[in-house]
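Each residue of the sequence shown is one higher than the one before, counting from 30 in this note's numbering.
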Amino acid sequence: MRQFLILLVLLSLLVGCSSKPPLLPESMQAQRPVYDLNDWILEGRMSLRLEDRSDSVSIHWQQKQRDYEINVSAGPFNQSVARLEGRPGFVEMQVAGEETLYTARSPEALMNAMLGWSLPVSHGIYWVKGIPDPNVIFETHESERGFSFAQSGWKIDASRFEQVNPNLLLPRRIRMEREGLTITLIVSQWRL
């Protein structure tokens, strides 16, 4: 169970990793305001389903340019589970109830050190905003409920878009799927 919870917390890094400003293809220029959004706070719930196991956590994520802080909590009293902080070239995680402060040069390295394997999480800064990483090949799909695309072996569905200001539509629901693993992020609040 501990390893499953650590996996869920580390997958929070999907939403916390930052990248350089994108070079957008012409077809994506209308999304420029979303790609340029670098300072925000997201509050919501994230669930993980891996084959026959599932769990969920609350997430509070503050992004300031390329630096981020993610607080993860769970249980009936929304108790702190972990705190993640990162910037380019450094990430640290404090797990509630443990004295050890886990550090690594990248989210993938931290995940590998704690679990013995990792997932490519570097696209997360884009996916959480409902857009593909423009620096990596992607394929868009028709979607009845929002925007759907495939990238790096993942299928991402963004839906329930909210107009957070006159120039920005951001999703309230993001579903990421790959080989028996489903991660769903339900955003209760975006703050800019």
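Note that the Cβ used here is the ideal one computed from N, Cα and C, for glycine as well.
Scanning its chain for C-beta atoms nearer than 7 Å, with the 5 sequence neighbours on each side dropped, one finds around Arg-134 the residues Gly-118 and Phe-119, in chain order. Distance from the CA of Leu-113 to the CA of Asp-81, rounded to the nearest whole angstrom, comes to 27 Å. In the same chain as Gly-73, and ignoring 5 residues on each side of it, the C-beta atoms closer than 7 Å to its own belong to Ile-88, Leu-214, Ile-215, Val-216 and Ser-217, in chain order.
For the alpha helix (DSSP H) assignment, the uninterrupted runs of no fewer than 4 residues enclosed by the region 79 to 146 are, from N- to C-terminal side, 136 to 144. Inter-residue distance for Thr-211 and Asp-96 is about 26 Å (C-alpha atoms, whole angstroms). The region 136 to 144 and the region 154 to 164 do not touch, with fewer than three beta-carbon pairs separated by less than 8 Å. In the DSSP assignment, Asp-65 falls within the alpha helix (DSSP H) that extends over 61 to 65.
By the Cβ-count criterion, Leu-71 is buried, with 16 or more other Cβ atoms from all chains shown falling within 10 Å of its own Cβ.
With contacts defined as CB atoms closer than 7 Å, Phe-178 and Phe-167 qualify as a contacting pair. Secondary structure note for Ile-154: its alpha helix (DSSP H) is the uninterrupted segment 153 to 156. In this structure, the beta-carbon distance from Trp-69 to Leu-221 falls below 7 Å.
Shown here, Asn-194 sits in a strand according to DSSP, grouped into three states.
Taking 7 Å as the cut-off, the beta carbon of Arg-202 is found closer than this to the beta carbon of Ser-188.
DSSP lists no beta-bridge partner residue for Asp-162. Counting along the chain, no beta strand (DSSP E) covers Leu-221, and no H or E run does either.
Within the same chain, and ignoring the five residues on either side of Gln-92 in sequence, the residues whose Cβ sits closer than 7 Å to its Cβ are Asn-67, Asp-68 and Trp-69. For Glu-208, no pairing in a beta bridge is given by DSSP. Shown here, Gly-182 sits in coil according to DSSP, grouped into three states, outside any helix or strand.
For the pair Val-193 and Arg-61, the Cα-to-Cα distance works out to about 15 Å. Listed as beta-bridge partners of Ser-76 by DSSP are Ser-85 and Thr-213.
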